[in-house]
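Worksheet: one structure, shown below.
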Amino acid sequence: KAVCRTSGFFSINVPSWFSLHKIVQPLVKRVCDIDRLVCSKTCLNSADIAFVIDGSSSVGTGNFRTVLQFIANITKEFEISDTDTRVGAVQYTYEQRLEFGFDKHSTKQDVMNAIQRINYWSGGTSTGAAISYASEQLFSKSKPNKRKLMIIITDGRSYDDVRGPATAAHRNGVIAYAIGIAWAAQDELEAIATDPDKEHTFFVDEFDNLYKYVGKIIQNICTEFNSQPRN
Numbered sequence: 508k509a510v511c512r513t514s515g516f517f518s519i520n521v522p523s524w525f526s527l528h529k530i531v532q533p534l535v536k537r538v539c540d541i542d543r544l545v546c547s548k549t550c551l552n553s554a555d556i557a558f559v560i561d562g563s564s565s566v567g568t569g570n571f572r573t574v575l576q577f578i579a580n581i582t583k584e585f586e587i588s589d590t591d592t593r594v595g596a597v598q599y600t601y602e603q604r605l606e607f608g609f610d611k612h613s614t615k616q617d618v619m620n621a622i623q624r625i626n627y628w629s630g631g632t633s634t635g636a637a638i639s640y641a642s643e644q645l646f647s648k649s650k651p652n653k654r655k656l657m658i659i660i661t662d663g664r665s666y667d668d669v670r671g672p673a674t675a676a677h678r679n680g681v682i683a684y685a686i687g688i689a690w691a692a693q694d695e696l697e698a699i700a701t702d703p704d705k706e707h708t709f710f711v712d713e714f715d716n717l718y719k720y721v722g723k724i725i726q727n728i729c730t731e732f733n734s735q736p737r738n
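Residue 508 is where the sequence shown starts when you use this note's numbering, and the numbers rise one by one after that.
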């Protein structure tokens with residue numbers, strides 16, 4: 508059963524008619540708080556979010572921990588359960604590794620702990636193969652009422668083709684976000700991302716700047732729930 512979560516954002520209790528004047532300012536503030544207004548409209552139970560994480564040698568252990576914190580910061584904004592948002596993660600180099608699937612963790616704390624337990628791999632960069640792997644290992648198990656979101660995070664140009672796997676994912680209803688850092692290739696990020704590119708492609712020159720896009724990515728995801736068809 509789909510349940511929209513509003514966290515009380517649209518509810519204001521007034522003890523009597525004579526107290527209505529007291530809620531004018533709080534009501535105006537909520538209406539003007541666009542980011543929260545957008546997200547509070549969202550049925551957060553309709554998403555499967557897959558993080559596809561570049562674990563190549565150029566990332567390094569410290570930067571990899573920064574990426575995991577970035578992922579955790581996005582994840583914590585969603586209600587996590589089997590009937591709400593589910594989260595999965597894949598790490599890749601030349602090869603791919605399923606860190607955890609959508610059905611592995613059913614509480615927010617469990618997912619947050621699982622993210623922090625991901626061990627840095629180190630190796631090459633085959634982003635195209637990782638997209639295909641995530642599609643097969645994660646989204647093949649998505650439920651019909653779930654939005655399918657893939658967030659790819661990479662710091663370099665891929666050694667393989669990304670356009671073919673990304674196109675196949677798009678055709679299967681996956682909404683793809685491409686997050687590039689440092690040496691990531693803009694043309695590849697745009698090929699990976701769902702159109703329009705400007706809403707699904709983000710680039711930072713340093714890992715420490717990833718946090719700047721957490722709010723924007725969440726806002727875009729929340730907005731998209733009301734504009735994209737379900738699979």
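Built from N, CA and C at the ideal position, the CB exists for glycine as well.
Alpha-carbon to alpha-carbon, residue j and residue i
i	j	result
PHE577	VAL521	39 Å
LYS653	MET619	21 Å
SER518	GLY567	46 Å
LYS648	TRP524	51 Å
ILE625	GLY569	13 Å
PHE714	ASN679	31 Å
ILE724	HIS707	8 Å
TRP628	PHE710	23 Å
GLN670	TYR640	Here residue 670 is Arg; the residue named in the question, Gln, does not match the sequence. So the alpha carbons of these two residues sit roughly 14 Å apart.
GLY608	TRP690	29 Å
GLN693	LYS650	32 Å
GLU695	GLU606	24 Å
GLN532	TYR684	37 Å
LEU551	ARG572	Confidence at LEU551 is low in this model, with a pLDDT of 47, below 50, so the placement of that residue is unreliable and no value is reported for it.
PHE585	ARG664	30 Å
HIS528	ASP617	44 Å
SER565	TYR718	20 Å
ASP712	ASP561	16 Å
GLN644	GLU602	14 Å
ASP591	SER563	32 Å
GLU697	SER642	18 Å
ARG604	SER526	58 Å
Cutoff 7 Å; reference residue i; Cβ partners in own chain excluding five residues on either side
i	result
PRO703	none
TYR666	GLY631, THR632, SER633
LYS655	ASP555, PHE646, SER649, GLY680, VAL681, ILE682, ASN738
LEU534	ILE519
ASN716	none
Which of helix, strand or coil DSSP assigns to residue i
i	result
ASP555	strand
PHE577	helix
ASP617	helix
LYS719	helix
TYR599	strand
VAL521	coil
VAL594	strand
PHE571	helix
PHE607	strand
ILE622	helix
Integer-rounded CB distance, given that residue j should sit under 8 Å from residue i
i	j	result
ALA676	VAL559	With a Cβ gap of about 10 Å, ALA676 and VAL559 do not count as contacting.
MET657	ALA557	5 Å
VAL594	ILE587	7 Å
ILE682	THR661	About 17 Å; that fails the 8 Å criterion.
GLY635	ASP668	5 Å
THR632	THR674	19 Å between Cβ atoms; not a contact.
ILE686	ILE659	7 Å
ILE581	VAL721	6 Å
Own chain residues within Cβ distance below 8 Å of residue i, not counting five before or after
i	result
LYS583	LYS615, MET619
Beta-carbon proximity list for residue i, same chain, < 6 Å, skipping 5 on both sides
i	result
ASN727	GLU706
SER613	SER588, ASP589
ILE622	LEU575, ILE578, ALA579
ILE699	ILE659, VAL669, ALA673, ALA683, ALA685
Margin query: As an exercise, report each continuous beta strand (DSSP E) stretch of at least 3 residues that is fully enclosed by the segment 651-726, in chain order.
Written below: The segment 651-726 contains these whole beta strand (DSSP E) runs: 654-661, 681-688, 708-711.
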